[in-house]
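In the working numbering, the protein residues as written are -11 to 333.
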Ligand SMILES: Cc1ncc(COP(=O)(O)O)c(C=O)c1O
């Protein structure tokens, strides 16, 4: 059977053998009543890793962002976020549709950073009857659309400071915060220390089949738990999911630099192929975006690769994305580059 290389997302990583075993053997209980021992263990472990009081398991990164927004921002209050945020573009507008929040955006630079002054300028002054209250600043690290680039501790703090000075809480969409931490060589908790709440995904580079974690204070997590229930995300024997997540935290975090090396190798190779442009400076973790010149479309490349057993994301008419995860080896990258060379213009 031909091996399919699935680079559409790091979410394409399938659960490891160790995860499948742990899932089969998981001790479970009713999570909806707070009684699942494996979920409790994962929630405690996640909180500890992130230096926060409490954690909450949710089915997806999308729900993690939404319950965090609902926990932090009063209904009807306005959210400020980078205009290229995943939570704005790819999460069906849940912040407005379900959370009841208007949104104002600031530009993201090439690396996903937003200008602290631009954020400050958007924060609504208190006491004016016309304005909604500013309820939240939402950040993203690593930044998906900006090529998996990383915000460091100082950048994160500079943004948290302007928000906090105005009494506005900050949430991090840290779906890939372990990748950011690995790229910086620091513990992930350093990247959320200045922030109120954060999410991270178990189901991306950590390869678990389902699940994201939300962390914050006990009170914030209580509110997030209520929001999770409201959204239909209260689960029963979720220890089966949590067991895979624990294996992800134990076994998959330390190997993330391997994905980053493979991404770098792919990016450098692609940049050498006529017809493709890669912003190499933004290739800091496990994602590689490439722009395709006018000689062919991204869709054409995607479908030809697919016929040859390589799955990628056609991100825009002239833009493709490759995501690295544990199932993609350095030898696979050589193979992918060989295939890509057939498109040289
Ligand atoms: C930055 C970011 N946030 C949130 C999500 C949503 O995660 P999920 O697909 O688990 O809902 C993704 C998914 O790719 C993402 O890249």
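The beta carbon of each residue, even a glycine, is placed where N, CA and C say it ideally should be.
Computed from a predicted structure; not experimentally measured.
Worksheet entry | Short Cβ contact (9 Å threshold) for residue 267 with residue 306 | One thing to note: residue 267 has its Cβ no nearer than 9 Å to the Cβ of residue 306.
Practice prompt. Please state if the CB of residue 66 and the CB of residue 90 are separated by a distance shorter than 9 Å.
Written response: When the beta-carbon positions are compared, residue 90 and residue 66 come within less than 9 Å of each other.
Worksheet item: Skipping 5 residues on each side, what residues in its chain have a beta carbon closer than 7 Å to that of residue 150?
Response: 104, 107, 108
Discussion item. I need the straight-line Cα distance from residue 145 to residue 184, nearest angstrom please.
Written reply: Near 12 Å, if we compare the C-alpha coordinates of residue 184 and residue 145.
Discussion item. Below 8 Å, is the gap between the Cβ of residue 75 and the nearest heavy atom of ligand 1?
Written reply: Yes, the Cβ of residue 75 comes within 8 Å of a heavy atom of ligand 1.
Worksheet item: Residue range of the alpha helix (DSSP H) that residue 159 falls in?
Response: Counting along the chain, residue 159 falls outside any alpha helix (DSSP H), though it belongs to the beta strand (DSSP E) covering 158 to 161.
Worksheet item: Between which two residues does the alpha helix (DSSP H) harbouring residue 109 extend?
Response: Start and end: 104 to 110.
Practice prompt. Give a single yes or no on whether residue 264 has its beta carbon closer than 8 Å to a heavy atom of ligand 1.
Written response: Ligand 1 never approaches residue 264 closely enough for any of its heavy atoms to be under 8 Å from the residue's Cβ.
Practice prompt. Give the DSSP-derived three-state secondary structure of residue 70 in the structure shown.
Written response: strand
Worksheet item: So, helix, strand or coil for residue 97, using DSSP?
Response: The answer is coil: DSSP assigns residue 97 none of H, G, I, E or B.
Worksheet item: Hey, out of 293, 122, 170, 289, whose CA is closest to residue 153's CA?
Response: 122
Practice prompt. Kindly indicate which residue of 83, 37, 26, 9 has the alpha-carbon position closest to the one of residue 215.
Written response: Among 83, 37, 26, 9, the Cα nearest to that of residue 215 belongs to 83.
Worksheet entry | Top-ranked residue by Cα proximity to residue 196, from 213, 176, 163, 219 | Nearest of 213, 176, 163, 219 to residue 196, Cα basis: 163.
Fill in: Nearest neighbour of residue 181, chosen from 147, 49, 155, 326 [CA to CA]
147
Item to complete: Examine the Cβ distances between the segment -4 to 9 and the segment 220 to 230 and report whether three or more of them are shorter than 8 Å.
Response: no
Worksheet item: Taking DSSP as the reference, what is the three-state secondary structure of residue 316?
Response: coil
Worksheet item: Which residue from 41, 141, 208, 188 puts its Cα closest to that of residue 179?
Response: 141
Worksheet item: When the Cα of residue 81 is compared with those of 50, 102, 97, which residue comes out closest?
Response: Among 50, 102, 97, the Cα nearest to that of residue 81 is on 50.
Discussion item. Along the chain, where does the alpha helix (DSSP H) containing residue 293 start, and where does it finish?
Written reply: 286 to 295
Discussion item. For a test of your reading of the model: does the CB of residue 132 fall under 8 Å from any non-hydrogen atom of ligand 1? Yes or no.
Written reply: yes
Discussion item. Classify residue 176: buried if its beta carbon has 16 or more other beta carbons within 10 angstroms, exposed otherwise.
Written reply: buried
Worksheet item: DSSP on residue 185, reduced to helix/strand/coil?
Response: strand
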